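> When the letters of the sequence shown are read in order and numbered with the working numbering, they come out as residues 1 to 223.
Cβ coordinates follow ideal geometry from the N, Cα and C atoms, glycine included.
Predicted model only: the values in this text are computed from it and were never measured.
One structure, as structure tokens, below. Some questions next.
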Amino acid sequence: MPPETPENYLKIIALDGAAATGKSSTALALAKKLDFLHVDTGSHFRILTYHLLEQNISAENSRSLVKALKKLILTTSIEDHSAFLEINSDKLSKESLRSFKVNQLVSKYASIKLLRDFLLIYQRSLTDFANDKNYAGIVVEGRDIGSIVFPNTPLKIFLYADEEIRINRRLNEGQKDVIKERDAIDKTRKLAPLTCSPDALRINTANHSLDEVVALILKEVSL
Ligand code: C5P
Numbered sequence: 001m002p003p004e005t006p007e008n009y010l011k012i013i014a015l016d017g018a019a020a021t022g023k024s025s026t027a028l029a030l031a032k033k034l035d036f037l038h039v040d041t042g043s044h045f046r047i048l049t050y051h052l053l054e055q056n057i058s059a060e061n062s063r064s065l066v067k068a069l070k071k072l073i074l075t076t077s078i079e080d081h082s083a084f085l086e087i088n089s090d091k092l093s094k095e096s097l098r099s100f101k102v103n104q105l106v107s108k109y110a111s112i113k114l115l116r117d118f119l120l121i122y123q124r125s126l127t128d129f130a131n132d133k134n135y136a137g138i139v140v141e142g143r144d145i146g147s148i149v150f151p152n153t154p155l156k157i158f159l160y161a162d163e164e165i166r167i168n169r170r171l172n173e174g175q176k177d178v179i180k181e182r183d184a185i186d187k188t189r190k191l192a193p194l195t196c197s198p199d200a201l202r203i204n205t206a207n208h209s210l211d212e213v214v215a216l217i218l219k220e221v222s223l
């Protein structure tokens, strides 16, 4: 008998890429088309960062970080095919999650092993959550989904685009972000760096419309 792994009972699309490569729009469109659950792991790091900043807990203070994590209760709500992490029943607005302060500091907190391990358990538990809610699969976006979170899934996609294009995308959305700085930390950190798995399908989103990107990925899913 093969071991019982999430890949046995659920289709998992691992969608990785740097900031502003189009992951969220692509993941949500795929989730709607396939009736899958959409999971944005970037938002997990953002909400955790927000909570720690609220309590003035610095990334350097591991003792306080351990204490703070023990007090957090994680729950999940669903809205229009997307799963949202709530911490102590607090669901943050998009504005809070994408505030300049969070943009500036999220990659620093996301480099800490303690915090990554904490979220990894939660992220992996979402396969059972999706299965219980009768979804046929999940689309999980992030930086380390194909390499660390779900390395056994055969459906791995890596989105990329030139840095200048990505910076302009955020500017056009009216967002103050630090894409260069976040990318540098995310790519070079020792733990779970942003990486393209060798078995991932690579798509340059500067060369395709959203519909085209979704169509390319759907072909993989139906193979
Ligand atoms: O995807 P988004 O840009 O919202 O992610 C915010 C930050 O969270 C990233 O810059 C990265 O530091 C961190 N992150 C991560 N691993 C993931 C998803 C996000 O380290 N799987």
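Roughly how many angstroms lie between the CA atoms of G22 and D128, to the nearest whole one?
Their backbone Cα atoms lie some 26 Å apart in a straight line.
> Hey, is G142 close to ligand 1, as in C-beta under 8 Å from one of its heavy atoms?
Yes, the Cβ of G142 comes within 8 Å of a heavy atom of ligand 1.
> Under 8 Å, with one C-beta from each stretch per pair, do the region 32 to 39 and the region 54 to 71 reach the 3-pair mark?
The region 32 to 39 is not in contact with the region 54 to 71.
> Who are the near neighbours of R124 in its chain, counting only those whose CB is closer than 8 Å to its CB and skipping five residues on each side?
For R124, where only same-chain residues beyond five positions count, the Cβ hits under 8 Å are P6, V149, F150.
> Would you check if the region 67 to 82 and the region 167 to 174 touch, i.e. whether three or more CB-CB distances between them fall below 8 Å?
Because the criterion of three Cβ pairs below 8 Å is not met, the region 167 to 174 and the region 67 to 82 do not touch.
> Tell me whether the beta-carbon of L28 lies closer than 9 Å to the beta-carbon of I13.
Result no, Cβ atoms of L28 and I13 do not sit closer than 9 Å.
> What does the Cβ neighbour count give for Y109, buried or exposed, with the cut at 16 atoms within 10 Å?
So Y109 ends up on the buried side.
> Taking L74 as the reference, give the member of S89, D117, E141, I138 with the closest Cα.
Ranking S89, D117, E141, I138 by Cα distance to L74 puts S89 first.
> In angstroms, rounded to a whole number, what distance separates the CA positions of P193 and D144?
So the alpha carbons of these two residues sit roughly 7 Å apart.
> Looking at the structure shown, is F84 part of a helix, part of a strand, or coil, going by DSSP?
Correct three-state label for F84: strand.
> Given the structure, does R124 come close to ligand 1, in the sense that its CB is under 8 Å from one of the ligand's heavy atoms?
Result no, Cβ not under 8 Å from ligand 1.
> How about S62 and L114: are their beta carbons less than 9 Å apart?
It is a contact, given that the beta carbons lie within the stated cut-off.
> Could you pull out every residue in the same chain whose Cβ sits closer than 6 Å to the Cβ of Q104, ignoring the five residues on either side in sequence?
Here the set comprises V178.
> With DSSP collapsed to three states, give me the class of S89.
Here S89 sits in coil by DSSP.
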